[in-house]
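Counting in the numbering used here, the sequence shown runs from 1 upward without gaps.
Where a beta carbon is used, it is the ideal one built from N, C-alpha and C, also for glycine.
Taking it in order: structure first as structure tokens, then the write-up.
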Amino acid sequence: MNKKRIYFPSQKDSEEIFLLLRKHWIVYIPFILIAGFMALPLVAAFAYLAYAYDSLTTVAVDIIIVGGSAYLLTILGLLLFGFTDYYLDIDIITNQRIVDIEQNGLFKRKISELHLDQVQDVSASVSGFFPTLFHYGNINVQTAGERANFVFEAIVHPYRITKIILDLHEAAITKDRSVKDKLLGEARCIANHSAGSDISTAKPAVNDHSPTSARPANSPPDDIHSVIPADRQRKILEGVSRSIEDAHSSHQQPNSTRQAKSVSAPRVTHPPSEYEMKDGKVIDLD
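What follows is the structure, encoded as structure tokens:
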């Protein structure tokens with residue numbers, strides 16, 4: 001399968017398709033068998049028409065032809081219904097998400113998607129004689145929160161596909177952790193700044209790498225947030241910014257002014273928060 005030629009309408013520029021899945025072809029066999037049994041009376045009717053054509057009246061011949069044609073259209077409609085349900089049920093797995101396109105009948109379609117970082121668990125099951133013989137089964141993707149699970153039915157080689165989904169999930173989680181590692185590193189750099197550092201270098205870290213944007217919704221817990229939670233990171237950055245700003249303003253004043261200020265008006269410190277600075281490091285007071 002050439003992945004470069006595959007494209008779906010909602011695909012993003014940085015999104016790459018890894019798998020395009022359809023149900024195993026054996027799910028279409030029941031429709032063929034039913035249509036074959038339904039065609040037996042039609043074959044018998046036209047055989048009788050050809051054998052006794054001379055002895056039948058014109059009205060009887062017309063009834064057999066019209067009724068047989070309508071019956072044939074019914075059989076073809078059944079085959080079309082089964083083929084539509086088989087061919088248009090598609091599961092697309094990319095490097096960012098899972099897209100499930102479910103065709104119900106001829107005029108109803110349901111499209112669902114799930115980001116890979118919201119995947120909790122993936123399991124595969126093969127049950128029965130024919131599934132074991134032809135190597136197809138069901139894949140159950142467990143999602144985060146109260147969202148319904150994704151179930152892919154009659155997928156060929158389900159265990160191999162399960163491993164691919166788990167690998168893509170790990171890749172997505174690793175990418176998110178790299179962003180969080182960068183945020184934590186910037187917070188530590190701010191905490192280790194000297195007293196004469198410019199506070200403007202710390203502001204972009206607060207605006208561009210806020211904990212809210214760095215941590216995606218419903219992402220699983222990891223080691224970064226177990227060290228410093230998201231709400232406390234903001235307090236760290238605000239406290240460090242105030243400390244650097246006070247130190248910078250006191251550094252620019254003359255020595256006599258600083259000494260007089262320390263004697264006449266003691267410095268007003270902020271109320272103790274959850275974190276304090278000691279030797280250039282952040283200390284948790286909890």
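Between Y86 and Y48, the C-beta gap is not smaller than 9 Å, which leaves the two residues out of contact. The C-beta of D62 has fewer than 16 other C-beta atoms within 10 Å across all chains shown, which makes the residue exposed. Shown here, H135 sits in coil according to DSSP, grouped into three states, outside any helix or strand. With respect to the 9 Å criterion, K23 and Y136 are classified as neighbours on the basis of their beta carbons. Q96 sits in coil when the DSSP states are folded into three classes, being neither helix nor strand.
The C-alpha of L166 is placed about 24 Å away from the C-alpha of K110. When the Cα atoms are used, L168 and I93 turn out to be separated by approximately 9 Å.
Take E15, set aside five residues on each side of it, and the residues of its chain with a beta-carbon closer than 6 Å to its own are T94 and Q96, in chain order. Here DSSP, grouped into helix, strand and coil, assigns L106 to coil. In the DSSP annotation of this structure, D54 is not part of any beta strand (DSSP E), being labelled neither H nor E.
Judged by beta-carbon spacing, F31 lies beyond the 9 Å limit of F107, meaning their Cβ atoms are not closer than that value.
When C-alpha distances from P131 are compared across L114, Q118 and E153, the shortest belongs to E153.
Around the CB of L21, 16 or more other CB atoms lie within 10 Å, so the residue is classed as buried.
For A70, the enclosing alpha helix (DSSP H) has its first and last residue at T58 to Y87.
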